[in-house]
Amino acid sequence: MTQEIIDIDVKIKLNKENVMSMLDCSSDNPVYDEVSQCYEQRLEWLYHHVKPRVLLSYEPVNDDLKEYLNPGEGCTGFLYAVLTIGGAPQEESRRCFGQGEYLDGMLVDAMADAYLFALENAAMPRIRKFCAGNRTGILRRMEAPQDFPLEFHKHIYEMCQLEQTMDMKLSSGCMFDPVKTSCIVFVQSADPDLFNAQHDCSRCSVKDCPLRSI
Ligand code: SF4
């Protein structure tokens with residue numbers, strides 16, 4: 009098994025309009041200025057408190073995995089990517105809601121989601137390098153629950169020893185803690201020139217995703 013943990017040190021810049029659209033707050037919204045001001049106040053806090061980390065781990069294909077994940081023709085293995093920004097944003101968001109600071113709570117939560125999304129782009133060169141090191145390419149990406157059951161997170165959690173390596177937990181419902189974590193299964197191919205690693209919004213069931221682009 010090849011495994012690598014990467015502390016992402018490139019500066020990730022948040023896209024304000026992505027956050028605004030996550031909050032369904034367009035520029036003609038009467039509260040846009042108030043939300044925008046709150047965003048600016050929260051930005052430095054977020055940059056200082058996120059801990060962007062990515063774990064990459066390769067598992068060769070076998071009959072059980074093939075039957076369970078149904079990866080399609082040409083699959084040679086699986087690259088598990090676990091991306092997290094740590095637990096501070098969720099704690100801060102909870103604290104804000106607890107104190108009745110609802111706008112701050114919602115904003116911190118949406119900013120954390122946008123940061124996690126941006127982390128994936130920042131991690132792409134490392135994912136490409138990891139594949140190159142294994143002489144593999146990427147046939148497609150899969151995520152729970154649309155491509156495989158959430159229960160498969162348990163396999164990834166145990167195989168990658170996420171408690172020890174990433175200080176993570178898994179709930180009885182197979183959700184990760186910190187909640188601002190995403191888990192992607194990249195189906196590996198023997199063709200190193202293939203790199204179908206990006207979001208495929210046309211196949212995604214998250215119809216109301218504000219970052220949807222088709
Ligand atoms: S709609 Fe697109 S961007 Fe949003 S989660 Fe689905 S694949 Fe990702």
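Residue numbers for the sequence shown, in the numbering used here: 9 to 222. Each residue gets a CB set at the ideal place from its N, CA and C atoms; glycine is no exception. Predicted model, so just to flag it, every value in this text is computed and none were measured.
Check your understanding: Cys182: which of Ala205, Leu115, Pro153 sits nearest, CA to CA?
Key -> Indexing the sequence shown from 1 puts residue 182 at position 174. Nearest of Ala205, Leu115, Pro153 to Cys182, Cα basis: Pro153.
Review point. Looking at C-beta atoms only, is the number of pairs between the segment 193-200 and the segment 111-121 that lie closer than 8 angstroms three or more?
Key: no
Check your understanding: If you follow the alpha helix (DSSP H) that Ala130 is part of, which residue opens it and which one closes it?
Key -> Working through the sequence shown from its first residue, we reach residue 130 at position 122. Run containing Ala130: 110-142, per the alpha helix (DSSP H) assignment.
Point to revise | Test item: CB-CB of Leu54 and Tyr123 under 9 angstroms | key: Mapped onto the sequence shown, residue 54 falls at position 46. Mapped onto the sequence shown, residue 123 falls at position 115. It is a contact, given that the beta carbons lie within the stated cut-off.
**Study point:** Straight-line Cα distance separating Met28 from Asp117
**Key:** Numbered from 1 along the sequence shown, position 109 holds the residue referred to as residue 117. Numbered from 1 along the sequence shown, position 20 holds the residue referred to as residue 28. Taking the straight line joining both Cα atoms gives about 12 angstroms.
Check your understanding: Can you tell me whether DSSP reads Pro7 as helix, strand or coil?
Key -> Since the first and last residues shown for the chain are 9 and 222, residue 7 lies out of range.
Point to revise | Minimum C-alpha distance to Lys188 - residue among Arg61, His56, Val43 | key: Translated into the one-based positions of the sequence shown, residue 188 becomes position 180. Closest by alpha carbon: Arg61.
Practice item. Quick one: residues in its chain with C-beta nearer than 8 angstroms to the C-beta of Val18, no 5 flanking neighbours on either side, listed in chain order? Key: Residue mapping note: residue 18 aligns to position 10 of the sequence shown, counting from 1. Ala130, listed in sequence order.
**Study point:** Rounded straight-line distance, which links the Cα of Lys24 to that of Arg220
**Key:** Position 212 of the sequence shown, counted from the first residue, corresponds to residue 220. Position 16 of the sequence shown, counted from the first residue, corresponds to residue 24. Straight-line Cα distance between these residues: approximately 16 angstroms.
**Study point:** Any heavy atom of the ligand SF4 within less than 7 angstroms of residue CB: hits in chain order
**Key:** His207, Asp208, Cys209, Cys212, Val214, Cys217, Leu219, Arg220, Ser221
Review point. Can you pull the DSSP bridge partners for Glu12?
Key: For the purposes of this step, residue 12 is taken as residue 4 along the sequence shown, with counting starting at 1. For Glu12, which the question treats as bridged, DSSP gives the partners Leu64.
Check your understanding: Closest to Leu77 by CA distance: which of Asp41, His56, Asp155, Arg143 is it?
Key -> Position 69 of the sequence shown holds residue 77. With distances taken between Cα atoms, Leu77 lies closest to Asp155.
Review point. Does the distance from the C-beta atom of Asn70 to that of Ile146 stay below 9 angstroms?
Key: Within the sequence shown, residue 70 is the residue found at index 62, counting from 1. Within the sequence shown, residue 146 is the residue found at index 138, counting from 1. No, Cβ-Cβ distance for Asn70 and Ile146 is not below 9 angstroms.
Check your understanding: Looking at C-alpha atoms only, which residue of Gln45, Cys217, Gln172, Asp199 is the closest neighbour of Cys139?
Key -> Within the sequence shown, residue 139 is the residue found at index 131, counting from 1. Checked all of Gln45, Cys217, Gln172, Asp199; the closest Cα to Cys139 is Asp199.
Check your understanding: Who are Arg103's beta bridge partners in DSSP?
Key -> Counting from 1 along the sequence shown, the entry for residue 103 is found at position 95. Partner(s): none; Arg103 has no beta bridge.
Review point. The alpha helix (DSSP H) with Leu54 in it runs from where to where?
Key: Taking the first residue of the sequence shown as position 1, residue 54 is located at position 46. 40-57 is the extent of the alpha helix (DSSP H) around Leu54.
Review point. Can you tell me whether DSSP reads Ile20 as helix, strand or coil?
Key: To locate residue 20, count along the sequence shown from 1; it is residue 12. Ile20: coil per DSSP, three-state reduction.
Review point. Where Leu158 and Tyr165 are concerned, what is the direct C-alpha to C-alpha distance, given to the nearest angstrom?
Key: The residue labelled residue 158 in the question sits at position 150 within the sequence shown. The residue labelled residue 165 in the question sits at position 157 within the sequence shown. Near 11 angstroms, if we compare the C-alpha coordinates of Tyr165 and Leu158.
Practice item. May I have the straight-line CA-CA distance separating Arg102 from Gly95, to the nearest angstrom? Key: Translated into the one-based positions of the sequence shown, residue 102 becomes position 94. Translated into the one-based positions of the sequence shown, residue 95 becomes position 87. Rounded to the nearest angstrom, the two C-alpha atoms are 11 angstroms apart.
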